[in-house]
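Trainee: When we follow the numbering used here, the leftmost residue of the sequence shown carries the number 1431, and every step to the right adds one.
In this text, a Cβ means the ideal position worked out from N, Cα and C, and glycines have one as well.
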Amino acid sequence: IGPVYINLGAILAVIAVVALAFLMGRTLKGFEIRVQGVAPRAGRFAGFSRERTVWFCFLLSGGLAGLAGVCEVMSTVGQLQPGISPGYGFTAIIVAFLGRLNPVGALIAAFALSISYLGGESAQVALGISDKTARVFQGILLFYILACDSFILYRLRLIGQPGRATEQGA
1431 IGPVYINLGA ILAVIAVVAL AFLMGRTLKG FEIRVQGVAP RAGRFAGFSR
1481 ERTVWFCFLL SGGLAGLAGV CEVMSTVGQL QPGISPGYGF TAIIVAFLGR
1531 LNPVGALIAA FALSISYLGG ESAQVALGIS DKTARVFQGI LLFYILACDS
1581 FILYRLRLIG QPGRATEQGA
């Protein structure tokens, strides 16, 4: 095959996924985060501090975002530039929803979206289409995920005219 080059950011991402999966699945802090996210009243009843949980999540996610930024600068770019951010924050929202807020699912979703992003760049070069095509695809993907969640979580009922049922029964 030849030499294989791997970015340090990829290794750190896998380490972060393992650490977050352990944190969320095997520790009291992970349980506290899940309880506060799903049922805040139950968390308050259990004695969990909502403010501490929110601050912990802010600090953890900010630290991971900073680590991702450092890895981006250290990788192929090699230097800090004003226009270095290609909008990964919006892609991260899609990754989180596609991964179902699970660290391992987010890793798989990030890999799938990175393939679509690179495929969009290749299609731009090979076919001469716009570079925004991959972004449109990612936006449509997010829309369909949210629409499917809405159909799964909420039962849609058609409401007829209120007086019709009594007229037919008489």
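Using the Cβ count rule (16 or more neighbours within 10 Å means buried), how would you classify residue 1528?
Mentor: Within the sequence shown, residue 1528 is the residue found at index 98, counting from 1. That one is buried.
Trainee: Whole-angstrom Cβ separation of residue 1554 and residue 1560, contact assumed at under 8 Å?
Mentor: Locating residue 1554 in the sequence shown gives position 124, where the first residue counts as 1. Locating residue 1560 in the sequence shown gives position 130, where the first residue counts as 1. Confirmed, about 7 Å.
Trainee: Count the other C-beta atoms from every protein chain shown that fall within 10 angstroms of the C-beta of residue 1511, then say buried if there are 16 or more, exposed otherwise.
Mentor: If you number the sequence shown from 1, residue 1511 lands on position 81. Burial call: exposed.
Trainee: So, does the stretch 1521-1540 touch the stretch 1444-1454, judging by three or more C-beta pairs under 8 Å?
Mentor: Yes, the stretch 1521-1540 is in contact with the stretch 1444-1454.
Trainee: Just reading off the alpha helix (DSSP H) that residue 1499 is part of, what are its end residues?
Mentor: If you number the sequence shown from 1, residue 1499 lands on position 69. Per DSSP, residue 1499 belongs to the alpha helix (DSSP H) from 1480-1502.
Trainee: Check whether the Cβ atoms of residue 1439 and residue 1501 lie closer than 7 Å to each other.
Mentor: By 1-based counting over the sequence shown, the position of residue 1439 is 9. By 1-based counting over the sequence shown, the position of residue 1501 is 71. In contact: residue 1439 and residue 1501 (Cβ atoms closer than 7 Å).
Trainee: With distances taken Cα to Cα, identify the nearest neighbour of residue 1520 among 1433, 1495, 1483.
Mentor: Stepping through the sequence shown from its first residue, residue 1520 is reached at position 90. Nearest option by C-alpha distance: 1495.
Trainee: Do residue 1550 and residue 1540 count as a contact pair if the criterion is CB distance below 7 Å?
Mentor: Mapped onto the sequence shown, residue 1540 falls at position 110. Mapped onto the sequence shown, residue 1550 falls at position 120. Their beta carbons are not under 7 Å apart, which means residue 1540 does not touch residue 1550 by this criterion.
Trainee: What residues in its chain sit with their C-beta under 8 Å from that of residue 1472, if we drop five residues either side in the sequence?
Mentor: Start at 1 with the first residue of the sequence shown, and residue 1472 comes out as number 42. If we look at residue 1472 and ignore the five residues flanking it on each side, its Cβ neighbours are 1465.
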